[in-house]
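In what follows, a single structure is set out as structure tokens and then discussed.
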Amino acid sequence: MKVLVINCGSSSLKFQLIDAESEQLIAKGLCERIGIEGSRISFTATGKDKITRETPMPDHKTAINLVLAALTDKEHGVVKSLDEINAVGHRIVHGGENFTKSVIIDEDVIKAIEEVSDLAPLHNPANLIGIRACQELMPKVPMVAVFDTAFHQTMPEEAYLYGLPYEYYAKYKIRRYGFHGTSHSYVSKRCAEIMGKDYNDCKIIVCHLGNGASISAVKDGKCMDTSMGLTPLEGLIMGTRCGSIDPSVIELVEQKTQMTTKQVMNILNKESGVYGLSDDISSDFRDLEDGYFAKVPGAVRAIDTFCYHVMKYIGSYVAVMNGVDAICFTAGVGENSPIVRKLVLDRLGYLGLTLDEEANEVHGKEKMISTEDSKVKAYVIPTNEELAIARDTYALCKNLK
Ligand code: AMP
4 MKVLVINCGS
14 SSLKFQLIDA
24 ESEQLIAKGL
34 CERIGIEGSR
44 ISFTATGKDK
54 ITRETPMPDH
64 KTAINLVLAA
74 LTDKEHGVVK
84 SLDEINAVGH
94 RIVHGGENFT
104 KSVIIDEDVI
114 KAIEEVSDLA
124 PLHNPANLIG
134 IRACQELMPK
144 VPMVAVFDTA
154 FHQTMPEEAY
164 LYGLPYEYYA
174 KYKIRRYGFH
184 GTSHSYVSKR
194 CAEIMGKDYN
204 DCKIIVCHLG
214 NGASISAVKD
224 GKCMDTSMGL
234 TPLEGLIMGT
244 RCGSIDPSVI
254 ELVEQKTQMT
264 TKQVMNILNK
274 ESGVYGLSDD
284 ISSDFRDLED
294 GYFAKVPGAV
304 RAIDTFCYHV
314 MKYIGSYVAV
324 MNGVDAICFT
334 AGVGENSPIV
344 RKLVLDRLGY
354 LGLTLDEEAN
364 EVHGKEKMIS
374 TEDSKVKAYV
384 IPTNEELAIA
394 RDTYALCKNL
404 K
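Take 4 as the starting number for the sequence shown in the numbering used here and just add one per residue.
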């Protein structure tokens, strides 16, 4: 069964075609600058060279049309006709409290996704456009919605409530939801497999450290807490997002700079994090690492502060779970930055965790990075959100008539 995975952003669309039985990637690609001048599509069939083409993409429907054309292209394509695509899995950012797992898309599901769009105004509408466009172009193909928030729906009330008037939760559903759920679920399951432990009987902390970053505490296969909140702005310091701050900062910055709330929010989302801390050096850890080793003060400040916060969350999640068996690092920074992992793990000796310095040099590969005799284990586990989406889609669609 071939599953097309679609991840629709506001101006981009990532896609992968995966053979669900063998879990092999058949092709992948990216549409960029949808609705903006200079849009282009890139397409890579597994084992072949990447092809990039500039072409107008006024909307997502055009983009999906181009994706389907690329997949079926006589010369470079990977399937003879669209009939070979058996199901589509859509990544949906916010499922609110409505969705605790992936579901087959029907009109009720679309309505429920629309209803929580005010919780993710930049993402959910784009995700819905992607669903509608696929439905129009492949009306007979079953589609599945896989939610970033679903894995975190097991958090207990004490973890998801804010210290706000309760009616804000009751009336407006203002609470912590968490994101990157597909990744936290995939990596924690894989970690239990590697350890040879029962997923439903172990304590795992997953550090998803990419441009967006979040940490979760997974106990006995259930998410107990995670660092992102109502939106992805809460929690860790990220590439350009500030993470958790005192809400009074917003009012004070408004007073001092005459900016509007919208402008300040834009700064908190796009000009803060390690980028802001480094005094505008970069939001990219590759640049910051170069600066760190050259002792550039802004880069040292940004990396040290980032790692301090990761370490602090890990400590609090050990408390949440009353212990930990393993700590996993994933996503762009987690998979590729030995110095970030070292700065975090060297401070966790009190847990009985010892870093294996040589193993920690790994980039982008699955590896245990704690010593054999380390009481708490540490791993690098590359995430694969697309494969997790394909797995859920396959599980829900394989027995459909
Ligand atoms: P992601 O959001 O998971 O795609 O992660 C993207 C981020 O990972 C980039 O912005 C970089 O900060 C970081 N990254 C990617 N490759 C490396 C690398 N080799 N070393 C350090 N950081 C990296």
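C-beta atoms are modelled at their ideal positions from N, C-alpha and C, and glycine is treated no differently. Small disclaimer: the values here were computed from a predicted structure and weren't measured.
Measure the Cβ-Cβ separation of residue i and residue j and say whether it is below 8 Å.
| i | j | result |
| --- | --- | --- |
| Asn363 | Lys380 | no |
| Ala216 | Val323 | no |
| Leu291 | Ile306 | yes |
| Ile107 | Val147 | yes |
| Cys245 | Leu236 | yes |
| Ile384 | Glu360 | no |
| Thr185 | Glu388 | yes |
| Thr229 | Ser275 | no |
| Thr333 | Thr386 | yes |
| Val303 | Tyr295 | yes |
| Tyr382 | Cys194 | yes |
| Phe18 | Gly41 | no |
| Thr58 | Leu69 | yes |
| Lys378 | Leu403 | no |
| His63 | Cys11 | yes |
Assuming residue i contacts residue j under a Cβ cut-off of 8 Å, what Cβ separation, rounded to an integer in Å, is found between them?
| i | j | result |
| --- | --- | --- |
| Lys176 | Asp328 | Lys176 to Asp328, Cβ: 33 Å. No contact. |
| Leu20 | Ile29 | 4 Å |
| Ala73 | Ile44 | 7 Å |
| Ile218 | Val82 | Actually they are not in contact, since the Cβ atoms of Ile218 and Val82 sit about 39 Å apart, beyond 8 Å. |
| Tyr165 | Arg179 | 7 Å |
| Val343 | Leu212 | 7 Å |
| Cys400 | Pro145 | 5 Å |
| Ile253 | Thr264 | 7 Å |
| Met231 | Asn214 | Wrong, their Cβ atoms sit about 13 Å apart, outside the cutoff. |
| Leu358 | Ser373 | 6 Å |
Residues in its own chain within less than 8 Å of residue i by CB, not counting five upstream and five downstream?
| i | result |
| --- | --- |
| Ser120 | His97, Asn127, Pro128 and Leu131 |
| Ile67 | Ile9, Leu16, Gly133, Ala136, Cys137 and Leu140 |
| Asp201 | Ala195 |
| Glu118 | Gly99 and Asn101 |
| Gly335 | Leu212, Gly213, Asn214 and Phe288 |
For residue i, collect the residues of the same chain with a Cβ closer than 6 Å to its Cβ; drop the 5 residues on either side in sequence, then sort them by chain order.
| i | result |
| --- | --- |
| Ser13 | Leu125 and Ala129 |
| Ala153 | Gly98, Phe102, Thr103, Lys104 and Gly184 |
| Ser188 | Phe154 |
| Gly326 | Lys206 |
| Ala23 | Met4, Val6, Ala393 and Tyr397 |
| Ala123 | Val96 and His97 |
| His366 | Asn339 |
| Ser191 | Ile207, Val209 and Val221 |
| Phe46 | Gly32, Ile54 and Ala73 |
Less than 7 Å between C-beta atoms, sequence neighbours within five positions excluded: which residues of the same chain meet that for residue i?
| i | result |
| --- | --- |
| Tyr171 | Ile177 |
| Asn203 | Asp223 and Gly224 |
| Leu71 | Leu85 and Leu140 |
| Ser285 | Tyr278 and Leu291 |
| Asp395 | Gly92, Ser105, Val147 and Val149 |
| Pro341 | Asn363 and Glu364 |
| Ala391 | Thr185, Ser188 and Tyr189 |
| Val256 | Met262 and Val267 |
| Lys273 | Thr243 |
| Leu167 | Ile177 |
Buried or exposed: where does residue i fall if 16 or more other Cβ atoms within 10 Å of its Cβ makes it buried?
| i | result |
| --- | --- |
| Ile88 | buried |
| Glu338 | buried |
| Asp376 | exposed |
| Tyr316 | buried |
| Ile39 | exposed |
| Tyr320 | buried |
| His173 | Inspection of the sequence shows that residue 173 is occupied by Ala rather than by His. So Ala173 counts as exposed. |
| Gly92 | buried |
| Asp282 | exposed |
| Arg289 | exposed |
| Ser251 | exposed |
| Glu35 | buried |
| Tyr163 | buried |
| Thr260 | exposed |
| Ser25 | exposed |
| Asp151 | buried |
| Thr234 | buried |
| Gly50 | exposed |
| Ala90 | buried |
Fill in: Within the segment 29 to 71, ranges of the beta strand (DSSP E) (whole runs, at least 3 residues)
43 to 48 and 54 to 57
Discussion item. I'd like the ranges of any alpha helix (DSSP H) spanning at least 4 consecutive residues and lying wholly in the segment 302 to 361.
Written reply: 334 to 339 and 341 to 348
Worksheet entry | Runs of alpha helix (DSSP H) lying entirely within the segment 97 to 166, each at least 4 residues, in chain order | 110 to 118, 127 to 140 and 160 to 163
Fill in: Uninterrupted beta strand (DSSP E) stretches inside the segment 165 to 217 (no shorter than 3 residues)
Within the segment 165 to 217, the complete beta strand (DSSP E) segments of 3 residues or longer fall at 206 to 212, listed in chain order.
Fill in: alpha helix (DSSP H) runs wholly inside the segment 250 to 297, at least 4 long, in chain order
251 to 260, 264 to 273, 276 to 280 and 288 to 296
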